[in-house]
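Participant: Residue numbers (UniProt numbering): 1 to 315. The C-beta atom is built at its ideal place from N, Cα and C for all residues, glycine as well. One structure, pasted below without further comment.
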């Protein structure tokens, strides 16, 4: 016998899935203090400046510290990287998001331009080794091989730039953002040395309170995204059936990822991004059908889509 059809019901109150705060006007100031992981000059720092040029950036040692700074009120918002076009998703972030108690209120995409940064007066031919985070080292293999430069693993990109500046050795350079070179007084010996010219990182902006009032993005388009996590019921073809509501209601799902929960192979949680707002009738119906086949559903945020998405779709 097949499972009964999901009941027709009114859209559920989303505040029960997340913060109990009402969906009101943005609760952050026009010049917010934004926490990010890393040292000043990190790509997350660049993301803060890009999303809000008037913002004050608050560096934090770890992603957990970044979340806690926002949660405690030390920062108004938190900037978290979630995926890179070359490297893939950022480890641990999808585990952290549902447990953070924060709400996604925006996204921004940072084009990862990598510079070779040396101490003042150094020349490219002087450099014999380059220090950076292991991920960035892997994104400049071609350039490093052509110039016979050895790699050194540093704490992170901006931290490596800081160490190179403090060391003062013209033979050692850092791979980091141009912003890091500006902050630590380093010379840019070579720019845009990344292997792939479309290297881009997506960041999510997190807040203590949600904002369901916005219906247009920075380009004035009605492009909204809804992000959520869920677990399916333990019945045959549960995921297939759970996804059916999005297909039948014409709701585009732009991301669906699975990850293990608490190290248990039989406990799988899914993270998803869909186009639209929960108040849209089609989205409301799709979410209602999803609830019928899930044992847990948590809305992480409703926010304007970055205009980059539309530009990429247009070619």
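Between which residues of its own chain and residue 176 is the CB-CB distance below 7 Å, once the five residues before and five after are set aside?
Facilitator: Around residue 176: 41, 115, 117, 132, 157, 158, 160 and 161.
Participant: Is it buried or exposed, residue 316, if we count other Cβ atoms within 10 angstroms and call 16 or more buried?
Facilitator: The question about residue 316 has no answer, for the chain in this structure spans 1 to 315.
Participant: Write down the C-beta distance between residue 82 and residue 89 rounded to the nearest angstrom, noting that I regard them as a contact closer than 8 Å.
Facilitator: Correct: roughly 7 Å between the Cβ atoms.
Participant: Cutting at 6 Å between CB atoms, please list the residues of its own chain near residue 30, excluding the five before and the five after it.
Facilitator: So the list is empty, once near-sequence residues are dropped.
Participant: Is it buried or exposed for residue 235, if we count other Cβ within 10 angstroms and need 16 for buried?
Facilitator: With fewer than 16 other Cβ atoms within 10 Å, it is exposed.
Participant: Using 8 Å for Cβ pairs, my map puts residue 203 next to residue 107. What's the rounded Cβ distance?
Facilitator: About 7 Å; that satisfies the 8 Å criterion.
Participant: Quick check: the Cα distance between residue 290 and residue 178, rounded to an integer number of angstroms?
Facilitator: Whole-angstrom Cα-Cα distance: 45 Å.
Participant: Answer yes if the region 134-149 comes into contact with the region 189-206, meaning at least three C-beta pairs across the two stretches below 8 Å, and no otherwise.
Facilitator: Contact between the region 189-206 and the region 134-149 is present, because at least three Cβ pairs lie under 8 Å.
Participant: Would you identify the three-state DSSP class for residue 207, choosing helix, strand or coil?
Facilitator: The answer is strand: DSSP assigns residue 207 an E or B state.
Participant: If we count Cβ pairs, one from each stretch, closer than 8 Å, do we get three or more for the region 56-70 versus the region 212-226?
Facilitator: Contact between the region 56-70 and the region 212-226 is absent, because fewer than three Cβ pairs lie under 8 Å.
Participant: Can residue 43 and residue 110 be called in contact, C-beta distance under 8 Å?
Facilitator: Yes.
Participant: Hey, residue 137 and residue 165 are a contact pair by Cβ (cut 8 Å); roughly how many whole angstroms apart?
Facilitator: Not confirmed; about 19 Å, so no contact.
Participant: Short check: CB of residue 232 to CB of residue 247, under 8 Å?
Facilitator: Not closer than 8 Å, so no.
Participant: CA-CA distance, residue 297 and residue 253?
Facilitator: When rounded, the distance between both Cα atoms is 16 Å.
Participant: Tell me the rounded alpha-carbon separation between residue 260 and residue 239.
Facilitator: Whole-angstrom Cα-Cα distance: 15 Å.
Participant: In angstroms with no decimal places, state the Cα-to-Cα distance between residue 223 and residue 249.
Facilitator: Cα to Cα, the separation comes out at about 17 Å.
Participant: Below 7 Å CB to CB, which residues in the same chain sit around residue 228 once its five sequence neighbours on both sides are set aside?
Facilitator: Excluding residues within five positions, the ones whose Cβ falls inside 7 Å are 272, 297, 298, 299 and 300.
Participant: Taking C-alpha atoms, which residue in 92, 129 and 48 lies nearest to residue 77?
Facilitator: For the residues 92, 129 and 48, the minimum Cα distance to residue 77 belongs to 48.
Participant: Closer than 8 Å by C-beta to residue 338: which residues in its own chain qualify, once you throw out the five before and the five after it? Chain order, please.
Facilitator: Given a span of 1 to 315 for the chain in the structure shown, any question on residue 338 remains unanswerable.
Participant: Are residue 171 and residue 126 closer than 8 Å when you measure CB to CB?
Facilitator: Yes; because the gap between Cβ atoms is below 8 Å, this pair is in contact.
Participant: Using 8 Å as the threshold, is the C-beta distance between residue 182 and residue 140 below it?
Facilitator: Against a cut-off of 8 Å, the Cβ pair of residue 140 and residue 182 comes out as no contact.
Participant: Is residue 302 a contact residue of the ligand ATP, with contact defined as CB to any heavy atom under 7 Å?
Facilitator: The ligand ATP is not among the ligands present in this structure, which contains no ligands whatsoever.
Participant: Excluding the 5 residues preceding and the 5 following residue 93 in the sequence, name in chain order all residues of the same chain whose CB lies nearer than 8 Å to its CB.
Facilitator: Contacts found: 63, 80, 81 and 82.
Participant: Under 8 Å Cβ to Cβ from residue 84, same chain only, skipping five residues before and after it: list those, please.
Facilitator: Excluding positions up to five away in sequence, the list reads 90, 112, 135, 199, 200, 201 and 202.
Participant: What are the partner residues of residue 269, as DSSP defines its beta bridges?
Facilitator: DSSP, once it has assigned bridges, lists 259 as partnering residue 269.
Participant: Just the C-alpha distance for residue 56 and residue 75, rounded to the nearest angstrom, thanks.
Facilitator: Those two C-alpha atoms are separated by around 9 Å.
Participant: Could you round the C-beta distance between residue 275 and residue 302 to whole angstroms and report it? I think they count as a contact, below 8 Å.
Facilitator: Contact doesn't hold; Cβ gap of about 11 Å is too wide.
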